[in-house]
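Below is one structure, written out as structure tokens, with a few remarks after it.
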Amino acid sequence: MTNTADPLAKYNAKRDFAKTKEPAGKRESSESGNIFMVQKHDATRLHWDLRLEADGVLKSWAVTKGPSPDPDIKRLAVRTEDHPMSYATFEGTIPEDEYGGGTVMLWDRGTWEPVEGKSWKDIDKGHLHFTLHGERMKGEWLLIRLKPREGEKRENWLLRKLQDEFAGEGDTLVQRELTSVSTGRSMAQIAGDEEGEFSLEGKEGREFAKQMEKAHKRTKTVGKGKAKGPKASGKPPAFRKPQLATLVDTVPAGNGWMHEIKFDGYRAMIACAGETVKVYTRSGKDWTDKFAPLVDAIAGLDLPPCLIDGEITAPGSDGNPDFSTLQSVLKRGHGEQGEGDALEFHAFDLLEANGEKLDKLTNIERKERLEGLLRGAGPPVYIADHVIGAGEKLYAAMCDAGQEGIISKKIDAPYRATRTKAWVKVKCTRRQEFVVIGYKVSKAKGRPFSSLLLAQNEGGDLVYKGNVGTGFTMDELQGLAAKLHRIERKTPPADVDKASSRGVTWVTPKLVAEIAFAEFTADGNVRHGSYLGLRSDKDAADVTPEKPAAAPSDTGPEVEISSRDRVVFPESGQTKGQLADYYETVAPIMLPFLARRPVSLVRCPQGRAKKCFFQKHDAGSFGQHVHAVPISEKDGGTEDYLYVEDGAGILGCVQMGTIEFHGWGSHVADVEKPDRMVFDLDPDEGLDFADVRRAARDIHDRLSDIGLVSFAMLSGGKGVHVVVPLTPGHDWDTHKDFSRRFAEALSLAEPDRFTANMSKAKRKGKIFIDYLRNQRGSTAVMPYSARAREGAPVAVPIAWGELKKMKDARLHSIDDAKRLLARAQSKGLAGWGFAEQTLPEV
């Protein structure tokens with residue numbers, strides 16, 4: 001295909017340019033000679049066309065399901081005819097009766113080159129190893145031609161992302177990037193008519209779009225304007241005091257904590273707005289000029305107005321952050337950088353974005369928003385990685401690597417500009433035993449000695465390891481002095497340098513002391529040592545260097561659950577205690593969705609088979625961990641609505657007989673600004689779950705057509721919830737109106753399958769698209785909530801690819817807490833339930 005006299009002959013022969021808007025083309029080169037683009041193409045099947053410039057044309061592959069950033073996912077890429085360079089900017093609709101009929105979006109663009117030592121001509125050899133510099137696709141990729149099967153006419157290749165800094169998990173690219181890089185339009189908008197109204201090409205979409213427009217025209221009072229997100233000021237946010245961590249000596253245990261590296265550098269608040277970047281110290285001093293190279297790099301990211309919390313570091317000779325190196329860089333000044341100098345910024349929190357204050361969101365939610373903001377940023381700007389649970393492993397790894405320690409944060413806590421125990425720091429202070437070989441007499445009145453000299457046995461000899469002068473109480477000083485006097489000797493029991501030997505009284509090496517210290521220095525001495533006590537159970541001859549011991553753990557939420565043996569689910573036998581244990585385990589993955597939302601609780605104090613009832617108002621009986629927020633009612637008064645912030649709050653509700661948690665579509669920080677839309681698919685009794693699966697997928701596709709990312713959740717009951725996360729900014733009237741028009745458009749487009757009318761009589765043989773959960777005061781069951789149903793099922797987030805395998809909406813029960821925790825970390829659920837997007841105008 002690469003050596004024909006006219007490489008575009010096949011392209012031109014397939015198209016009638018009097019009918020299609022596609023450009024006729026000739027062989028030519030772009031200005032750079034190495035452009036690439038990807039066009040999302042909704043033809044007979046939806047696919048993504050990858051095109052690489054080479055030899056004056058665009059070499060093309062149709063990638064089924066789209067490119068994945070996950071190195072473990074290989075995608076079929078069918079080689080197609082070469083395209084002309086003029087096709088590089090094409091976006092529009094190809095008539096249905098023409099070759100490739102359907103909608104085309106310019107989905108990505110940039111430049112490419114083969115990796116060093118390779119050439120585009122490797123295509124003829126059946127493989128191509130290359131690097132992309134696109135707006136969405138970045139880093140190293142590989143195309144490999146498959147051996148053709150007998151009788152196969154297509155030229156099949158595989159496209160795969162290679163492991164590098166741009167690799168990711170799952171299908172985040174095609175699932176999240178739904179609009180054109182050129183015009184910002186969705187597929188539906190591109191397929192629109194000349195008047196700019198929305199209509200979709202294709203058998204499934206045309207009728208839906210027509211009915212969507214009918215539903216839009218029936219709107220009388222709301223929904224006529226485009227929904228607007230929060231207006232950004234265009235200026236960097238003002239400095240805000242940072243949250244500080246409390247020093248503790250053990251790593252918090254359990255899945256209610258997220259753990260990050262404690263960086264050895266300067267704490268910094270970075271305020272950005274495009275090219276304007278300010279750097280503030282933790283006390284509010286403007287140090288922008290001191291970090292000029294880093295400021296330039298952040299300015300190049302062209303970020304919206306935002307305030308980012310993080311740490312500025314400089315790598316030492318081993319590549320790890322080193323405070324001494326940072327001080328040296330700053331001492332030289334940014335205009336006098338030495339060879340190898342590099343400033344880095346490790347971002348770990350986001351306080352403001354686009355005019356929205358985020359401090360009342362949970363730690364894990366803010367981290368998700370931070371990752372969305374800095375997605376695609378490269379060195380020297382990094383997002384601090386975190387792990388949920390298993391903090392001891394991270395701590396041990398950091399200490400073994402000579403790092404300062406870790407920061408542990410309650411995943412469900414808001415940001416508070418003070419020192420709190422919701423953030424704790426655990427320094428790599430190591431503990432080992434040392435033999436006491438001498439002491440220095442103190443000049444301070446009443447203090448018998450100033451420090452102890454230490455040693456350890458190595459290779460049969462005592463080796464000097466420095467001294468320790470802190471950690472003693474006055475009683476310990478007196479008691480130790482008496483012991484030391486009894487074993488004094490004239491000669492040193494180990495080789496000690498002259499400077500360290502001055503003023504030392506030597507002792508026979510009999511006493512063993514346990515010492516906490518930060519690290520060993522380059523010459524083998526303890527650094528920042530602190531005396532902990534004598535070890536009478538240890539013989540001095542047995543004291544040798546050892547690796548640091550694993551840190552102990554702490555306990556979970558301190559909420560006492562009474563009547564743990566009371567059976568809550570009589571059919572399957574699970575008890576109140578088991579329900580509480582379930583919620584305690586899944587709290588880390590549940591709270592990102594539940595925390596700080598007004599909630600309605602399904603309470604069944606005597607078990608699910610007895611009287612159950614909804615409760616949304618605070619009656620003052622839930623205890624200190626369950627909170628209330630005043631919300632205005634229709635009659636002009638206010639009522640206190642319940643909400644929780646942490647795992648203890650969840651358990652406080654369970655203690656009061658709660659089984660289910662149903663949340664508002666907004667947070668308590670601003671209840672009038674919804675941020676979550678839910679379409680609950682409720683099937684008529686006679687329908688099979690396969691009908692529900694198909695309906696959910698169709699809604700996903702229609703939402704995708706208009707540029708909205710959505711997620712699937714098994715309700716734990718009969719149906720599926722399609723969840724659409726949104727950036728707050730529009731009001732409840734707009735929120736409800738959009739969901740109503742969307743549901744009505746589907747029901748009008750396919751009246752035999754769907755209804756938007758909640759009447760049981762109108763629902764026969766159909767699926768009710770329940771949009772009414774999207775009005776002020778209405779709620780929807782929260783992810784991972786248990787259900788007050790037979791068998792103790794739970795509402796479970798699932799990947800769209802999993803949906804086709806589901807036999808019903810009850811995939812898991814409260815017995816599966818650990819499995820759910822593991823599932824939540826899987827590639828398929830990466831980023832589930834989070835997307836920054838606003839309602840389109842339809």
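Numbering (UniProt numbering), first residue to last: 1 to 842. From the three backbone atoms N, C-alpha and C, an ideal C-beta is built for every residue, glycine too.
(message) Considering only the alpha carbon of each residue, which of Cys306, Leu454 and Thr585 lies closest to Ser500?
(response) Ranking the options by Cα distance to Ser500, first place goes to Leu454.
(request) For Leu358, I'd like the list of residues in its chain whose CB is within less than 7 Å of its CB, leaving aside the five on either flank, ordered along the chain. (result) Leu350, Leu351, Glu352, Arg366 and Arg369
(request) Buried or exposed for Gly117, please, with buried defined as at least 16 other CB atoms from any protein chain shown within 10 angstroms of its CB. (result) exposed
(request) Verify whether the separation of the beta carbon atoms of Thr779 and Trp664 is less than 8 Å. (result) yes
(message) Let me confirm a value: residue 873 is counted as buried when at least 16 other C-beta atoms fall within 10 Å, else exposed. Which label applies?
(response) Given a span of 1 to 842 for the chain in the structure shown, any question on residue 873 remains unanswerable.
(message) Please tell me whether Tyr771 and Ala795 are closer than 8 Å, where the distance is taken between their beta carbons.
(response) no
(request) Scan the region 61-137 and note each continuous beta strand (DSSP E) run of 3 residues or more that stays entirely inside, going in chain order. (result) If we require 3 residues or more, the beta strand (DSSP E) runs fully inside the region 61-137 come out as 74-83, 92-94, 102-114 and 127-134.
(request) Give the straight-line distance between the Cα atoms of Val277 and Ala268, rounded to the nearest whole angstrom. (result) Inter-residue distance for Val277 and Ala268 is about 12 Å (C-alpha atoms, whole angstroms).
(request) Could you tell me which residues DSSP puts in a beta bridge with Gly533? (result) Glu514
(request) Just the C-alpha distance for Thr325 and Glu404, rounded to the nearest angstrom, thanks. (result) 15 Å
(message) Considering only heavy atoms of the ligand NAD, does any lie closer than 7 Å to the CB of Leu158?
(response) Ligands in the displayed structure: none, and consequently the ligand NAD is not present.
(request) Below 6 Å CB to CB, which residues in the same chain sit around Leu158 once its five sequence neighbours on both sides are set aside? (result) Lys74 and Ile144
(request) State the beta-bridge partners of Val436 as determined by DSSP. (result) Leu454
(request) Taking the CB atoms as reference points, tell me whether Val463 and Leu511 lie closer together than 8 Å. (result) Contact: no.
(request) Indicate whether the contact test is met: 3 or more Cβ pairs, each with one atom in the region 696-704 and one in the region 629-641, closer than 8 Å. (result) no
(message) So, for Asp6: in the same chain, excluding its five sequence neighbours on each side, which residues have a beta-carbon less than 7 Å away from its beta-carbon?
(response) none
(request) Leaving aside the five residues before and after Phe17 along the sequence, list all residues of the same chain whose C-beta is less than 6 Å from its C-beta, in chain order. (result) Ala24
(message) What does the alpha-carbon distance come out to for the pair Val57 and Ala830?
(response) 37 Å
(request) Quick one: residues in its chain with C-beta nearer than 6 Å to the C-beta of His627, no 5 flanking neighbours on either side, listed in chain order? (result) Tyr643
(request) On the DSSP bridge assignment, give the partners of Arg240 in chain order. (result) Answer is none; Arg240 lacks a bridge partner.
(request) Would you tell me roughly how many angstroms separate the C-alpha atoms of Pro545 and Tyr531, rounded to the nearest one? (result) If you take the alpha carbons of Pro545 and Tyr531, they lie about 17 Å apart.
(message) Let's test the definition: count the other Cβ atoms within 10 Å of the Cβ of Leu173 and tell me whether it reaches 16, buried, or not, exposed.
(response) Counting Cβ neighbours within 10 Å, Leu173 comes out buried, since at least 16 surround it.
(message) If the criterion is Cβ atoms closer than 8 Å, does the pair Phe593 and Pro380 meet it?
(response) Result no, Cβ atoms of Phe593 and Pro380 do not sit closer than 8 Å.
(request) Measure the alpha-carbon distance for Met258 versus Asp385 and round it to whole angstroms. (result) 10 Å
(request) Count the other CB atoms, across all protein chains shown, that sit within 10 Å of the CB of Asp400; report buried if there are 16 or more and exposed otherwise. (result) exposed
(message) Just verifying my parser: in three-state terms, what is the DSSP assignment at Leu708?
(response) Leu708 falls in the coil class under three-state DSSP.
(message) Three or more C-beta pairs under 8 Å: does that hold for the region 804-816 against the region 153-167?
(response) no
(message) What does the Cβ neighbour count give for Lys251, buried or exposed, with the cut at 16 atoms within 10 Å?
(response) The question names Lys, but residue 251 is Val in the sequence shown. Buried, by the Cβ-count rule.
(request) Would you mind reading off the limits of the beta strand (DSSP E) that contains His386? (result) His386 to Ile388
(request) With a 10 Å radius around its C-beta and 16 neighbouring C-beta atoms as the bar for buried, classify Asp688 as buried or exposed. (result) exposed
(request) My understanding is that His730 touches Leu839, with C-beta atoms under 8 Å, so please give their C-beta distance in whole angstroms. (result) 6 Å
(request) Please check the pair Phe348 and Gly391, which I expect to be a contact at CB under 8 Å, by giving their CB distance rounded to whole angstroms. (result) About 15 Å; that fails the 8 Å criterion.
(message) Quick check on Gly647: does DSSP put it in helix, strand or coil?
(response) helix
(request) Would you kindly report the start and end of the unbroken beta strand (DSSP E) that includes Asn467? (result) Asp461 to Val468
(message) For the alpha helix (DSSP H) containing Leu746, name the first residue and the last one.
(response) Trp732 to Ala749
(request) Can you give me the start and stop residues for the beta strand (DSSP E) that Ile270 sits inside? (result) Tyr266 to Gly274
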